[in-house]
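Below: the structure, in structure tokens.
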Amino acid sequence: PVRLVFLVISPADHATAHLRSLSAIAQLGRDQGLMNTLIHQKTHGRLLTLLRERE
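What the sequence shown shows, in my numbering, is residues 259 to 313, in sequence order.
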């Protein structure tokens, strides 16, 4: 099995934005079609683009 791990780093005074980011990532993890697409990406640039499109 393949696991996709996200690391979210944010300044201490931006806790709300950090929690929103974690929530969005958790929702992405439930989208099997998107997860399959992400797993098959070869470059991180395309991965970032796909994630930004989902915001």
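Just so it is clear, CB atoms sit at the ideal spot from N, CA and C, and this is done for glycine as well.
- Distance from the CA atom of Ser281 to the CA atom of Thr307, rounded to whole angstroms, is 18 Å.
- In the structure shown, Ser268 falls within a coil segment according to DSSP collapsed to helix, strand and coil.
- Straight-line spacing of the CA atoms in Arg278 and Thr301 works out to 25 Å.
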